[in-house]
Every structure is written in structure tokens, then in C-alpha cells.
Amino acid sequence: MRRLEVAPLTRVEGHGRVELEVIEDRLAAARVLINESPRLFEGMVLGRDAAEIPSLVCRICAICSTVHRLAACQALEQALGVIIPPRAALIRELALLGGHIESHALHLYCLVYPDLVDADSVLQPLQQGDPLAKDGLALKAFGNRLQTVAGGRRIHPINLEIGGVLHAPADDELAALQDELEGWLKRIEPLIEPFFREDAWPDAGPVAGLRIAVDGNGEFTLTGDNLVCSDSSMVNASGYRDLLQETALPDTNAKQSRKGGTSLLTGALARCEFASPGDKTTPFPPGIHANNAAQGLELVWSLERAHDICRQLRAETGDLCSPFRAGPGSGTCVIEAPRGILVHHYELDDMGRVGAADIITPTAINSTAMEEQLLADLADETDEPTMRQTAARIIRAYDPCISCSVHVLRVDRP
Amino acid sequence: MNRKRVGFFDLTGCEGCQLTVLNLEEQLLDLLEVIDLVEFRELMQDQAERLDIAFVEGSVVKPAEEERLRAIRAKSERLIALGACAATGGINRLATLHAPDHLWSSSFGRSEPLWEMGTPRPLAAVVPIDGEVPGCPIDGREFVSILQGLLMGQELEIPTFPVCAECKLAELPCSFEQGAPCLGPLTRSGCGAVCIRGGDVCRGCRGEVDNPRSGPYHRILEEHGWQVEQVLAELRIYPHQADGDDDAAAD
Ligand code: SF4
Ligand code: SF4
Chain A
60 MRRLEVAPLT RVEGHGRVEL EVIEDRLAAA RVLINESPRL FEGMVLGRDA AEIPSLVCRI
120 CAICSTVHRL AACQALEQAL GVIIPPRAAL IRELALLGGH IESHALHLYC LVYPDLVDAD
180 SVLQPLQQGD PLAKDGLALK AFGNRLQTVA GGRRIHPINL EIGGVLHAPA DDELAALQDE
240 LEGWLKRIEP LIEPFFREDA WPDAGPVAGL RIAVDGNGEF TLTGDNLVCS DSSMVNASGY
300 RDLLQETALP DTNAKQSRKG GTSLLTGALA RCEFASPGDK TTPFPPGIHA NNAAQGLELV
360 WSLERAHDIC RQLRAETGDL CSPFRAGPGS GTCVIEAPRG ILVHHYELDD MGRVGAADII
420 TPTAINSTAM EEQLLADLAD ETDEPTMRQT AARIIRAYDP CISCSVHVLR VDRP
Chain B
13 MNRKRVGFFD LTGCEGCQLT VLNLEEQLLD LLEVIDLVEF RELMQDQAER LDIAFVEGSV
73 VKPAEEERLR AIRAKSERLI ALGACAATGG INRLATLHAP DHLWSSSFGR SEPLWEMGTP
133 RPLAAVVPID GEVPGCPIDG REFVSILQGL LMGQELEIPT FPVCAECKLA ELPCSFEQGA
193 PCLGPLTRSG CGAVCIRGGD VCRGCRGEVD NPRSGPYHRI LEEHGWQVEQ VLAELRIYPH
253 QADGDDDAAA D
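Those protein sequences? They're chains A and B, same order as listed.
Numbering of the first sequence is given in this note's numbering, commencing with residue 60 and proceeding in unit increments.
Numbering of the second sequence is given in this note's numbering, commencing with residue 13 and proceeding in unit increments.
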């Protein structure tokens with residue numbers, strides 16, 4: 060038996076590596092290992108006042124700080140029985156879309172695109188003046204701009220608090236965004252085209268895992284109250300444990316999500332399979348690499364939706380924040396982060412302090428499927444360098460965010 | 013001109029400080045004209061032998077990180093802490109307020125640790141450092157000016173006056189006047205009071221000013237009937253010197 064390592068995994072978020080076990084030239088086992096040191100956030104928030112939690116937990120992950128902060132706000136609002144004003148909900152969604160655009164653009168253009176043009180990093184195409192890399196980076200910057208206007212800062216937003224938001228973007232800022240969004244909508248098609256190319260990917264088999272997503276009742280969505288699964292089951296957010304069945308595996312230091320022994324897939328591809336975000340009919344590329352194209356479709360949807368929200372917000376004058384009182388309660392939020400389902404659950408004591416917290420991230424949900432996919436797609440591969448390279452590309456297709464290991468899956472011992 | 017070899021590294025943190033560097037976008041491309049970027053895991057595959065300037069993000073938590081940090085120190089002319097996690101231990105230091113078994117059981121449902129994990133420490137607790145870029149996250153503009161200074165061979169300097177001064181200069185409404193305690197009078201400036209500008213209070217992410225109790229801004233607390241300890245207790249997210257440190261530089 061030989062052990063091949065793809066380490067460190069570059070061009071993914073966070074520290075990770077892949078271990079492949081090869082017996083007689085064939086892949087026999089695959090493991091995705093995480094050597095990030097988790098920060099035990101669920102323990103760190105214990106005993107703290109609910110009002111402090113959103114700004115604390117957004118520090119779990121920089122890329123997803125907006126959606127973490129929103130998930131915390133929504134779960135805590137549910138616990139405290141707070142209904143936020145409609146205007147605040149729109150401003151929050153704008154921030155969420157900004158995060159979605161920035162994260163997808165970062166993944167597609169900085170992390171995946173170099174594979175398509177045979178480069179080590181996006182710096183090469185950029186320095187050669189490749190217009191696609193340049194526009195991709197500009198789109199990422201634009202996602203950041205949306206987050207700044209709606210959230211107050213690109214990373215670790217300031218504006219999103221329990222009850223609503225702290226301030227509203229000025230009308231001229233919204234008008235400028237509207238113009239820029241129109242510009243992007245005219246230019247976006249050719250920008251996502253490369254990720255639909257059929258010949259740009261390694262051979263790939265069917266995508267592993269039961270699909271799960273936040274339910275939009277037939278419409279594409281990032282937010283909602285229920286989780287839906289491709290085996291037709293559906294649960295309310297508060298029943299997330301039934302669906303995700305996250306368990307700590309004693310021998311492997313692992314915490315994995317699976318359903319009745321089946322792996323789960325969450326993220327752009329799963330979302331787009333439940334409800335298409337647009338009317339583009341170009342077929343997705345084969346296998347898990349379709350996730351990249353699905354992210355492309357979501358970029359278009361996000362730009363359209365953001366445009367619509369800016370228009371609505373310009374006509375809104377209502378309240379920004381609902382008052383709330385500290386007290387007991389429990390609440391759960393399920394929301395679509397760029398990489399898939401994110402769950403935040405909190406229980407508050409009589410003083411409104413956190414007594415228990417549970418946070419489940421999409422990369423934790425996808426881990427079992429990743430390993431299955433490596434085994435399936437590399438089953439016929441005997442060439443070592445190709446095996447390594449393809450393994451890295453498969454992992455990259457999931458857009459894993461290893462730094463969000465609030466829960467880790469299988470931990471590399473130091 | 014000999015271009016300086018610059019690298020970025022991350023220990024335990026959220027990668028927000030590195031992402032702030034990536035988010036410089038156009039400006040980052042300009043910087044790449046004058047530096048030689050030799051290591052940045054998130055962006056590229058290379059690993060360098062020697063560096064003129066190493067920026068290190070995150071706290072030291074695992075024993076392996078201690079080794080890694082020493083190795084980076086050994087190959088770098090100057091080592092700069094990038095952000096609060098690296099400079100002060102940052103938000104990671106909240107873990108020190110809980111018993112370890114409690115932390116493990118609330119995150120993993122079992123109280124025995126799953127791997128060796130020490131108290132989250134700032135870089136300076138393990139190796140000598142040559143300066144810090146404060147903040148959680150760092151401020152992109154401040155990073156650029158610090159880097160430019162380093163490229164010209166200057167010593168790294170960060171502001172010595174508190175956020176409160178920047179807030180007054182921008183004529184923002186004082187948090188204390190609205191009844192909300194704020195760490196602005198005690199916290200190192202340089203962020204443009206971005207949180208107060210955004211309707212929030214300052215939570216002290218940039219660390220404490222050098223002499224928090226001696227400056228004129230300290231009086232603002234007293235005028236509003238607050239003691240330093242009281243404000244810190246209300247808003248303690250980032251560690252302050254008042255915590256009583258085990259962080260004294262080793263070596
Ligand atoms: S200082 Fe803040 S932004 Fe920077 S790595 Fe630490 S938690 Fe993230
Ligand atoms: S206002 Fe305070 S908390 Fe906000 S960035 Fe500045 S120092 Fe950090």
C-alpha cells in the first residue's frame with residue numbers, strides 16, 4: 060500500500076490536506092483532513108449576553124462573516140420573539156447577496172480559473188492582462204462594495220444586529236449601486252461562460268450525496284424556514300438535527316453529517332437542482348465540477364436580486380430596528396451560505412445569556428460526500444501525478460472552507 | 013532595485029486579515045510591482061526559503077503552530093503580527109475564560125480534548141516580533157502604509173492616541189452621551205472609528221493605547237460616571253492588559 064498526500068491543499072480556504080491510499084495502483088481509500096485548529100466558538104459564547112453574539116460569531120470565518128452574523132441575529136431574534144422591520148430585512152439581504160457575490164467570485168476567478176488556464180495562481184493571468192481574470196476580480200470587489208454599503212464593512216460587518224440594522228444606506232449610494240448592477244448584468248454572461256465549458260474538467264462520474272437545501276417552495280432562495288432533502292423529506296429549521304444527524308465518531312475524532320448512512324451534498328449545485336435560479340439552458344459540465352457552473356448561475360441571480368432590492372429600498376422609509384428585551388428562549392436559523400447550509404442554534408437562560416450554542420457549517424456537511432466522490436472519480440486512475448492533481452480539483456470544486464471548522468470532521472493530530 | 017521578498021502566513025484565526033490584504037484588489041496588484049510575493053497559501057502554491065518581511069496572522073494554539081512560527085521567524089528578516097489574533101491573542105483569548113473540558117463538551121459533546129491545544133497566545137509569547145498591524149480585521153489602508161514604510165526601511169509605527177480622538181475629529185455623536193459604554197477612550201486609533209461611524213460602539217479590537225489611564229480621553233469615562241474596569245467588563249471581547257498577562261515575550 061502506498062499513501063499519497065495532497066498537502067497542503069492550496070487555493071482553498073483554510074488548511075487542509077487529502078490523503079489517498081493506493082493499493083496495486085488503485086485508489087483504495089480517501090480522506091479529507093483538516094489541520095486548522097478549531098477555536099471552539101460554541102464554548103466561547105457560553106454565558107455571554109445575546110446582544111454580543113452576532114459580532115463574536117462572525118469571527119468564525121472571514122469569507123462568510125456576513126452570513127454567520129445574519130444567522131446568529133435571526134436565531135437570536137427567534138429566541139427572543141423579535142420581528143424585524145421590512146426595511147431592515149431588505150438591507151440585510153443586500154449584505155447577504157454582497158457576501159454571496161464576493162465569495163463565488165473569489166472561488167471561481169481566484170481559485171478555480173487558474174486550473175482552466177494552466178496557471179499556478181490568478182496572479183499570472185492578471186499580470187498577462189487576461190480580461191476575464193481582471194473582470195472576475197472586479198466582480199469580487201463589487202461584492203465587497205455591496206457588503207460595505209449594506210453591512211458597514213467588507214469583513215466582519217458592523218451594521219447587522221439583533222432587531223434589525225443600525226443604519227440605512229443613503230439614497231445616492233443605492234442609486235450608484237443600481238447603476239453598477241445594471242452594468243454588471245450586461246457583462247456577466249461571458250464572464251461565467253468558461254465554467255460551463257465541457258472540456259475544461261477531468262473525467263467525472265455522478266455526483267455523490269443526497270441533496271439538501273433551504274426550501275424555497277419551488278423558487279430559488281437563500282433564506283427560509285425549512286430544510287428540504289432530495290429523498291423528499293422536509294423538516295422545520297428547529298428539527299435540523301433529525302436531518303443532519305451530526306455525530307461525533309469516537310475513533311476518528313470526526314464529526315460528520317449523514318442521513319441514514321448516506322452522505323449529504325449542500326451548496327450551489329444542490330440549490331440549483333431544487334430550483335433553477337434563472338432560465339439559462341446551457342447544460343452543466345460533468346460531475347461535481349458542475350458546482351462551479353452553478354455558482355456562475357447564482358452570480359447572475361444575485362446581481363438581479365440585488366438590483367431589485369436597491370430599487371425597493373429607495374422607496375422605503377420605515378424603521379430600521381425593533382426593540383427587544385433580554386430573556387429566555389431558544390431559536391434556530393437555517394440559511395444558505397455561499398458553500399451551502401449554515402445552521403445556528405442558541406438557547407438563552409432567564410437573563411438572556413447563552414446557555415447552549417450549536418453551529419453547523421456546510422463544509423462539515425459535505426465532507427463525507429467529498430471522500431466518496433474522490434473514490435468514485437479516481438477509481439480508474441493509475442497515474443500518480445494525475446491522481447494528485449485531479450484530487451485537488453475535485454476538492455476545489457466543492458469550494459470547501461476549511462477555516463470554518465467550528466466543528467471539524469477528522470482532525471490532524473498536531 | 014532589489015525587490016523585498018514578502019510572505020503571508022496564518023496560524024489560528026479566521027483569515028480575515030489575509031482576506032483584507034486580498035481585498036486590496038487593484039492596490040494589491042500595484043504593490044506586486046514593487047515587492048516579490050513569495051508565499052501566500054490561499055493564492056499560490058510556492059514556498060520560500062528566505063523572506064525579508066513575513067506577515068503572520070492568527071494566534072498560536074497548537075504545539076505544531078509554535079514550531080511553524082519558529083521556522084518562519086528563523087527564515088525572516090522581519091516578522092510582523094497581522095491583526096489582533098496575532099498581536100494580542102484577539103478573540104481567541106475568550107477561550108481562556110472557560111475551563112477546557114467545558115469548551116470541548118460544548119463543541120464536541122465530550123469533555124476530553126480531541127487534540128493537544130494550548131492557551132491561545134499572541135506571536136510575541138513565542139518569538140520576538142518586529143511590530144504589529146492592529147485590528148480585527150486589520151485596516152487595509154493602514155496595512156498599505158505600514159508595508160510601504162517597511163519597504164523603505166523605516167521602523168513600524170502605529171498611532172498612540174485613542175479611537176476617541178478620531179471619533180471627535182469626525183464629529184460623530186459620542187456613544188456615552190447615548191448611554192452606551194464604549195471602548196473608544198482606551199483603544200488604539202487608526203481605524204477611523206469605523207464602528208462608531210456605523211452606529212455601533214467601539215469594542216476595542218485594536219488593543220489598548222499605551223497609557224490608557226493618563227490621557228485626556230480617560231476623563232470622558234469619568235465624566236459619564238464610568239470606571240475603566242466597568243467599561244472593560246461590559247465590552248470585554250478583546251483582551252486588555254488589565255487581564256493580567258501570561259504573554260510576556262519568551263526568548
Ligand atoms: S484578528 Fe480578527 S479578522 Fe484577523 S484573523 Fe483574527 S479574528 Fe480574523
Ligand atoms: S472602532 Fe473600535 S472596535 Fe471598531 S475597528 Fe476601531 S478599534 Fe476596532
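Each residue gets a CB set at the ideal place from its N, CA and C atoms; glycine is no exception.
**OP:** Rounded to whole angstroms, what's the CA-CA distance from residue 409 of chain A to residue 134 of chain A? Just pull it up for me.
**Re:** Counting from one through the first sequence, the residue named residue 409 of chain A turns up at place 350. Counting from one through the first sequence, the residue named residue 134 of chain A turns up at place 75. Looking at the two C-alpha atoms, the distance is approximately 17 Å.
Original post:
Would you say residue 389 of chain A reaches chain B, if we count a Cβ-Cβ gap shorter than 9 Å as a contact?
Top reply: The residue given as residue 389 of chain A occupies position 330 in the first sequence. Taking Cβ atoms only, chain B never reaches closer than 9 Å to residue 389 of chain A, which makes this a no.
Original post:
Going straight from the alpha carbon of residue 388 of chain A to that of residue 405 of chain A, what length do you get?
Top reply: Within the first sequence, numbered from 1, the residue matching residue 388 of chain A stands at position 329. Within the first sequence, numbered from 1, the residue matching residue 405 of chain A stands at position 346. About 8 Å.
Subject >> Residues of its chain near residue 84 of chain B, where Cβ-Cβ distance is below 7 Å and the 5 sequence neighbours each way are ignored >> reply: In the second sequence, residue 84 of chain B corresponds to position 72, counting from 1. Contacts found: 21, 66, 68, 91.
Original post:
Which term fits residue 337 of chain A, buried or exposed, when burial requires 16 or more other beta carbons within 10 angstroms of its beta carbon?
Top reply: Taking the first sequence and counting its residues from 1, one reaches residue 337 of chain A at position 278. It is exposed - the Cβ of residue 337 of chain A has fewer than 16 other Cβ atoms within 10 Å.
Original post:
Should residue 18 of chain B be flagged as near chain A, meaning a C-beta pair shorter than 9 Å?
Top reply: To locate residue 18 of chain B, count along the second sequence from 1; it is residue 6. For residue 18 of chain B, no Cβ of chain A is located within less than 9 Å of the residue's own Cβ.
Original post:
What do you get for residue 164 of chain B, buried or exposed, if any count of 16 or more other CB atoms within 10 angstroms of its CB means buried?
Top reply: Walking along the second sequence from the start, residue 164 of chain B turns up at place 152. Exposed is the label assigned to residue 164 of chain B, since fewer than 16 other Cβ atoms lie within 10 Å of its Cβ.
**OP:** Examine chain A for any beta-carbon lying closer than 9 Å to the beta-carbon of residue 230 of chain B, and answer yes or no.
**Re:** Along the second sequence, read from residue 1 onward, the residue named residue 230 of chain B stands at position 218. For residue 230 of chain B, the answer is no, since every Cβ of chain A falls outside 9 Å of its Cβ.
Original post:
In the DSSP assignment, what residue or residues form a beta bridge with residue 19 of chain B?
Top reply: For the purposes of this step, residue 19 of chain B is taken as the residue at position 7 of the second sequence. According to the DSSP secondary-structure assignment, residue 19 of chain B is paired through a beta bridge with B/51, B/66.
**OP:** Would you kindly work out how many angstroms separate the C-alpha atoms of residue 63 of chain B and residue 169 of chain B, rounded to a whole number?
**Re:** Within the second sequence, the letter at position 51 stands for residue 63 of chain B. Within the second sequence, the letter at position 157 stands for residue 169 of chain B. Whole-angstrom Cα-Cα distance: 21 Å.
**OP:** May I ask you to check if the CB of residue 95 of chain B is nearer than 8 Å to at least one heavy atom of ligand 2?
**Re:** Working through the second sequence from its first residue, we reach residue 95 of chain B at position 83. Not under cutoff, so the answer is no.
**OP:** Could you check the C-alpha separation between residue 231 of chain A and residue 374 of chain A for me, to the nearest Å?
**Re:** Looking up residue 231 of chain A in the first sequence gives position 172. Looking up residue 374 of chain A in the first sequence gives position 315. Spanning the two alpha carbons is a distance of roughly 12 Å.
Original post:
Does residue 207 of chain B get closer than 9 Å to chain A when you measure Cβ to Cβ?
Top reply: What you label residue 207 of chain B is simply residue 195 of the second sequence in a count that begins at 1. Judged by the 9 Å Cβ criterion, residue 207 of chain B is in contact with chain A.
Original post:
Is the CB-CB distance between residue 114 of chain B and residue 386 of chain A below 9 Å?
Top reply: Position 102 of the second sequence, counted from the first residue, corresponds to residue 114 of chain B. Position 327 of the first sequence, counted from the first residue, corresponds to residue 386 of chain A. It is not a contact, given that the beta carbons lie outside the stated cut-off.
**OP:** Please work out which residues of its chain come closer than 6 Å, Cβ to Cβ, to residue 173 of chain A, disregarding the five sequence neighbours upstream and downstream, and give them in chain order.
**Re:** Locating residue 173 of chain A in the first sequence gives position 114, where the first residue counts as 1. Cβ neighbours of residue 173 of chain A beyond the five flanking positions: 180, 181.
Subject >> DSSP bridge partner residues for residue 293 of chain A (one or two, in chain order) >> reply: Your numbering for residue 293 of chain A matches position 234 in the first sequence. Bridge partners of residue 293 of chain A: A/287.
**OP:** Hey, could you find the ends of the alpha helix (DSSP H) residue 156 of chain A is sitting in?
**Re:** On the first sequence, residue 156 of chain A is found 97 positions in, with the first residue counted as 1. Start and end: 145-164.
Original post:
chain B beta carbons: is any one of them nearer than 9 Å to that of residue 169 of chain A?
Top reply: Reading the first sequence from its first residue, position 110 is the one you call residue 169 of chain A. It does: the Cβ of residue 169 of chain A has a partner Cβ on chain B nearer than 9 Å.
Subject >> Range covered by the alpha helix (DSSP H) that runs through residue 413 of chain A >> reply: Locating residue 413 of chain A in the first sequence gives position 354, where the first residue counts as 1. Premise fails: residue 413 of chain A lies in the beta strand (DSSP E), 413-419, not in any alpha helix (DSSP H).
Subject >> Cβ neighbour criterion (16 or more within 10 Å) applied to residue 17 of chain B >> reply: Looking up residue 17 of chain B in the second sequence gives position 5. With 16 or more other Cβ atoms within 10 Å, it is buried.
Original post:
Looking at residue 218 of chain A and residue 148 of chain A, is the spacing between their C-beta atoms short of 9 Å?
Top reply: For the purposes of this step, residue 148 of chain A is taken as residue 89 along the first sequence, with counting starting at 1. For the purposes of this step, residue 218 of chain A is taken as residue 159 along the first sequence, with counting starting at 1. With contacts defined by Cβ atoms closer than 9 Å, residue 148 of chain A and residue 218 of chain A do not form a contacting pair.
Original post:
What residues from the segment 217-247 of chain A come within 7 Å of chain E, judged by C-beta to C-beta, listed N to C?
Top reply: In the structure shown, chain E cannot be found, because the protein chains are A and B.
**OP:** Could you tell me if the beta carbon of residue 153 of chain B falls within a distance shorter than 8 Å of some heavy atom in ligand 1?
**Re:** Counting from one through the second sequence, the residue named residue 153 of chain B turns up at place 141. No - ligand 1 has no heavy atom lying nearer than 8 Å to the Cβ of residue 153 of chain B.
Original post:
Can you tell me where the beta strand (DSSP E) with residue 75 of chain A in it begins and where it stops?
Top reply: Sequence index remark: in the first sequence, residue 75 of chain A carries index 16 (1-based). Run containing residue 75 of chain A: 75-82, per the beta strand (DSSP E) assignment.
Original post:
Just how far apart, CA to CA, sit residue 200 of chain B and residue 422 of chain A?
Top reply: The residue given as residue 200 of chain B occupies position 188 in the second sequence. The residue given as residue 422 of chain A occupies position 363 in the first sequence. Spanning the two alpha carbons is a distance of roughly 36 Å.
Original post:
Roughly how many whole angstroms lie between the Cα atoms of residue 136 of chain A and residue 61 of chain B?
Top reply: Here residue 136 of chain A corresponds to residue number 77 of the first sequence, with the count starting at 1. Here residue 61 of chain B corresponds to residue number 49 of the second sequence, with the count starting at 1. C-alpha separation (whole angstroms): 51 Å.
Original post:
Should residue 190 of chain B be flagged as near chain A, meaning a C-beta pair shorter than 9 Å?
Top reply: The count along the second sequence starts at 1 and reaches residue 190 of chain B at position 178. The beta carbon of residue 190 of chain B does not come within 9 Å of any beta carbon belonging to chain A, so the residue lies off that interface.
Original post:
For residue 176 of chain A, which of A/420, A/203, A/294, A/256 has the nearest alpha-carbon?
Top reply: For the purposes of this step, residue 176 of chain A is taken as the residue at position 117 of the first sequence. The residue with the shortest Cα to Cα distance from residue 176 of chain A is A/256.
Original post:
Near residue 178 of chain B, which residues of its chain fall below 7 Å by C-beta distance, leaving aside the five closest residues on each side in sequence?
Top reply: Taking the second sequence and counting its residues from 1, the one referred to as residue 178 of chain B is at position 166. So the qualifying residues of the chain are 201, 204, 205.
Subject >> Residues, ordered as in the chain, of the segment 114-131 of chain A that lie near chain B by beta-carbon distance below 9 Å >> reply: 114, 115, 117, 118, 119, 120, 121, 122, 124
**OP:** Give me the Cα-Cα distance between residue 229 of chain B and residue 65 of chain A, rounded to the nearest whole angstrom.
**Re:** The residue given as residue 229 of chain B occupies position 217 in the second sequence. The residue given as residue 65 of chain A occupies position 6 in the first sequence. The alpha-carbon atoms of residue 229 of chain B and residue 65 of chain A are separated by roughly 53 Å.
Original post:
How would you list, in chain order, the residues of chain A whose beta-carbon sits under 9 Å from the beta-carbon of residue 37 of chain B?
Top reply: Along the second sequence, one-based indexing puts residue 37 of chain B at 25. Per Cβ cutoff of 9 Å: 196, 197, 199, 200, 203.
Original post:
How far does the beta strand (DSSP E) with residue 134 of chain A in it reach, from first residue to last?
Top reply: Walking along the first sequence from the start, residue 134 of chain A turns up at place 75. First-last for residue 134 of chain A: 124-139, but that is the alpha helix (DSSP H), not the beta strand (DSSP E).
Original post:
Along the chain, where does the beta strand (DSSP E) that runs through residue 120 of chain A open and close?
Top reply: Translated into positions along the first sequence, residue 120 of chain A becomes position 61. Here residue 120 of chain A belongs to no beta strand (DSSP E), and DSSP marks it neither H nor E.
Original post:
Where does the unbroken beta strand (DSSP E) through residue 390 of chain A begin, and where does it stop?
Top reply: As a working note, residue 390 of chain A is residue 331 in the first sequence. Segment 388-396, the beta strand (DSSP E) holding residue 390 of chain A.
**OP:** Output yes if chain B places a C-beta closer than 9 Å to the C-beta of residue 271 of chain A; else output no.
**Re:** As a first step, residue 271 of chain A must be located in the first sequence, where it is residue number 212. Not an interface residue.
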